[in-house]
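What follows is a short report on a single structure.
Protein chains: 2
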Amino acid sequence: MVKIAIDMMGGDDAPQIVLDAVQQAIKDFQDLEIILFGDEKQYTLNHERIEFRHCTEEIAMDDEPVRAIKRKKDSSMVRMAEAVKHGEAAGCVSAGNTGALMSSGLFIVGRIKGVARPALVVTLPTISGKGFVFMDVGANADAKAEHLLQYAQLGHIYAQKFRGVHNPSIGLLNIGTEAAKGNSLTKNAYNLMKEQDDINFKGNVEAKGLMEDVADVVVTDGYTGNMILKNLEGTAKSIGKMFKETLLSNFKNKIAGLLIKKDLKAVQTKMDYAEYGGSVLLGLDGIVVKAHGSSSAKAFYSAIRQAKIAAEEKIVETMRETVGE
Amino acid sequence: MVKIAIDMMGGDDAPQIVLDAVQQAIKDFQDLEIILFGDEKQYTLNHERIEFRHCTEEIAMDDEPVRAIKRKKDSSMVRMAEAVKHGEAAGCVSAGNTGALMSSGLFIVGRIKGVARPALVVTLPTISGKGFVFMDVGANADAKAEHLLQYAQLGHIYAQKFRGVHNPSIGLLNIGTEAAKGNSLTKNAYNLMKEQDDINFKGNVEAKGLMEDVADVVVTDGYTGNMILKNLEGTAKSIGKMFKETLLSNFKNKIAGLLIKKDLKAVQTKMDYAEYGGSVLLGLDGIVVKAHGSSSAKAFYSAIRQAKIAAEEKIVETMRETVGE
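Top line first, the protein sequences correspond to chains H and X.
Each residue of the first sequence is one higher than the one before, counting from 1 in the UniProt record's numbering.
Each residue of the second sequence is one higher than the one before, counting from 1 in the UniProt record's numbering.
Structural data, given as structure tokens:
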């Protein structure tokens, strides 16, 4: 049995998408137990493997993160994080306020001793369908070279345990592939990483090749990572929009659009990184998964599955032993 | 009359594309004079407004920049930059080694007194077709907040003079729109910029909106700017590749491809930033334009036109008066 704590109230379409996802996950995974935190008036399920706990507060998407988790002690998010801290659940999942969830992770669940800065990790799609682990996408905007080295070590374990890559290649995101390229942060990080025997460091990788399997894990600071993540999303969306406009611009193109509709949809699905699950805050003494903000029930379901696998693969325990003190 | 110095030997398809572009530019602009630097054996033109100067050396694409410009004194690139330094030409254009051209700009043409760090500027496409000025895309990887402020001031003049935007809006590239977002660099830069009366600062802009007219000028450090530039390019290319594969994957899709071929080509042209000319190194005491590396004759022609407009609009003089000491 694996027990996961879930925030029923976070996310744009909560609680409905959370309830749908929980129902499906409980049905699909016979070894899953859930502790669900939220407003009892909106709780509609009933299952022996779901324990419902009523909370009187919820954290809003625009709440100031640190203040919210300090003041709203009876919010579904805070109580979910406390369940992980107290060992009642192996991990937790929320689609709520990202900043508040990171703060809950840092201040309630807590860091693994020896991990200087936790990192927010996503799996992004590549053309081949293989995907890659990308971190940090925004936990720590002012990173130091030593932090990037630890990200590489955490990412190595994550790619091994969660994605099943035997000896994951680690790339350092940079503005050129040569060792001497970059800013002082990446130059220093390069020098630290190349000395490490416990990771398969393949050197610098460029942002232009990210969708083409340049490495299994790509490491960067939270400022750059968040920027690149948003740029990937925004560019794909803008190009998609232009393409759509072209397909609707005249009768001839509309016919073409009908012919390729299904296959285009398949491409779009391939590029949808919600398919790969949520973001994970790595380096914490428990599993904290953020389901994407505009999560569908399907994306939330993926995030629950992700927390379950992380628990079964003992990701936290391995990180504690190898990266921690 | 405007006189522009041109490096005939730089770029993947030099000298042919340079010669083609020069021929076209001389024909189109009756008030243009060119000093062309290169190997006399490969010079095939003959025109009263082209002055050819023979050089015995050339800088290769893989030469180490600073060493190359110090040692290859008789290279076409170095002599072109010297022509600007000595006031023989108002500006110069090369499609050669970017690093060497930046070094030529810095060490031969020289900075405007009072400008701490020159910035490399490109104009990028947006969906509307309007485009925006983006800087720094790689001149200075470790920027300080004061540098970003100067970029904003330089970008303001560039957008006004070169792109004809009356009161250009300036955005600071960041990982969120709120004032408190970002790393220490962007937080400090935000505070400096919001105090300035001489620029129309509109606050932080996000990487996801870059193609949707978020600002007339978007300012960032050279590390982030180079990263985003490559990511935009790479993502657009990867998505284009997937579309193309889809359109060739079966008979039905091939028919659709034929129907929309012309309109797709138009979208592609709209997104091709070579159409907007080359990159300009702003903050120097002369105009230095880098035509894109894999330049076509058309892109090189755009870069010549760009240098000519910059000279006519007295961009350097204006920067000297307003940003310089």
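Yeah, the Cβ is synthetic: ideal placement off N, Cα and C, and Gly gets one too.
Task: One or two residues paired with Glu33/X in a DSSP bridge - done: Lys3/X
Task: Assigned exposure category for Glu312/H - 16 Cβ within 10 Å defines buried - done: exposed
- [ ] Check Gly10/H in the structure and name its three-state DSSP category.
- [x] In the structure shown, Gly10/H sits in coil (DSSP, three-state: anything other than H, G, I, E or B).
Task: Beta-ladder partner(s) of Asn200/H, from DSSP - done: Per DSSP, Ser169/H.
- [ ] Check each candidate in Val165/X, Asn140/X, Gly222/X and Glu195/X and name the one with the smallest Cα separation from Leu173/X.
- [x] Gly222/X
Task: Where Leu232/H falls, given that 16 or more other Cβ within 10 Å makes a residue buried - done: Label assigned to Leu232/H: buried.
Task: Distance between Tyr151/X and Tyr190/X (C-alpha atoms, nearest Å) - done: 13 Å
Open item on the list: For the ligand ATP, I want to know if Met227/H counts as a neighbour, meaning its beta carbon is within less than 7 Å of at least one of the ligand's heavy atoms.
Closed with: Absent from the structure shown: the ligand ATP. Ligands present: none.
TODO: Using alpha carbons as the reference points, say which of Lys41/X, Leu247/X and Thr123/X lies closest to Leu258/H.
DONE: Across the set Lys41/X, Leu247/X and Thr123/X, the C-alpha of Leu247/X shows the shortest separation from the C-alpha of Leu258/H.
Task: Cβ contact (3+ pairs, closer than 8 Å) linking the segment 4 to 20 of chain X and the segment 280 to 300 of chain H - done: no
Open item on the list: Along the chain, where does the alpha helix (DSSP H) containing Ile175/H start, and where does it finish?
Closed with: Judged by DSSP secondary structure, Ile175/H falls outside any alpha helix (DSSP H); it is assigned neither H nor E.
Task: Length-filtered (3 minimum) beta strand (DSSP E) runs lying within the segment 68 to 111 of chain H - done: 91 to 94
TODO: Determine the DSSP secondary structure at Gly38/H, reduced to helix, strand or coil.
DONE: When secondary structure is reduced to three states using DSSP, Gly38/H falls in the strand class.
Open item on the list: Buried or exposed, going by whether 16 or more other CB atoms sit within 10 Å of the CB of Met80/X?
Closed with: Label assigned to Met80/X: buried.
Task: Simplified DSSP assignment, three categories, for Glu58/X - done: When secondary structure is reduced to three states using DSSP, Glu58/X falls in the coil class, being assigned neither helix nor strand.
Open item on the list: Measuring straight from C-alpha to C-alpha, what distance separates Tyr158/X and Leu124/H?
Closed with: Computed Cα separation, rounded: 37 Å.
Task: Exposed unless 16 or more other CB atoms sit within 10 angstroms - verdict on Thr224/H - done: buried
- [ ] Pull up the DSSP beta-bridge partners for Thr123/X, would you.
- [x] Looking at the DSSP assignment, Thr123/X forms a beta bridge with Val133/X.
Task: Nearest residue (CA-CA) to Phe251/X, options Ala256/H, Asn250/H, Phe251/H and Ser249/H - done: Ala256/H
TODO: Evaluate Met1/H with the Cβ neighbour count: other Cβ atoms within 10 Å of its Cβ, from every protein chain shown; 16 or more gives buried, anything less gives exposed.
DONE: exposed
Open item on the list: Is Val218/X close to chain H? Criterion is C-beta to C-beta, closer than 8 Å.
Closed with: no
Task: Cβ contact (3+ pairs, closer than 8 Å) linking the segment 182 to 198 of chain H and the segment 130 to 149 of chain H - done: These segments touch.
Open item on the list: Within 8 Å of any Cβ in chain H, is that where the Cβ of Met193/X sits?
Closed with: No, its Cβ sits nowhere closer than 8 Å to a Cβ of chain H.
Task: Burial state of Asp216/H, where buried means 16 or more other Cβ atoms lie within 10 Å - done: buried
Task: Val219/H, enclosing beta strand (DSSP E) - first and last residue - done: Val217 to Val219
Open item on the list: Would Met211/H and Thr126/H be called neighbours here (beta carbons separated by less than 8 Å)?
Closed with: yes
TODO: With 8 Å as the threshold, decide whether the Cβ of Phe134/H is near any Cβ in chain X.
DONE: no
Open item on the list: Taking only three categories from DSSP, how would you classify Leu148/H?
Closed with: helix
Open item on the list: Here's the rule I'm using: 16 or more other beta-carbon atoms within 10 Å means buried, otherwise exposed. How should Lys241/X be labelled?
Closed with: exposed
Open item on the list: To the nearest angstrom, how far is the alpha carbon of residue 369/X from that of Phe243/H?
Closed with: There is no way to answer for residue 369/X, as the model of chain X reaches only from 1 to 325.
TODO: Tell me, please, which residues DSSP counts as bridged to Val18/H.
DONE: In DSSP, Val18/H forms no bridge with anything.
- [ ] For Gly96/X, count neighbouring C-beta atoms within 10 Å of its own C-beta (all shown protein chains included) and say buried if the count is 16 or more, exposed if not.
- [x] buried
Task: Helix, strand or coil at Ser184/H [DSSP, three-state] - done: In the three-state reduction of the DSSP assignment, Ser184/H falls in the helix class.
TODO: Decide if Ser169/H is buried, meaning its Cβ has at least 16 other Cβ atoms within 10 Å, or exposed.
DONE: buried
Open item on the list: Please list, in chain order, the chain H residues whose beta carbon lies closer than 7 Å to that of Leu259/X.
Closed with: Neighbours of Leu259/X in chain H, taken as residues at a C-beta separation under 7 Å, are given in chain order as Lys252, Asn253, Ile255 and Ala256.
Task: Best match in Met102/X, Ala119/X, Ile35/X and Asn46/X for proximity to Glu64/X [C-alpha to C-alpha] - done: Met102/X
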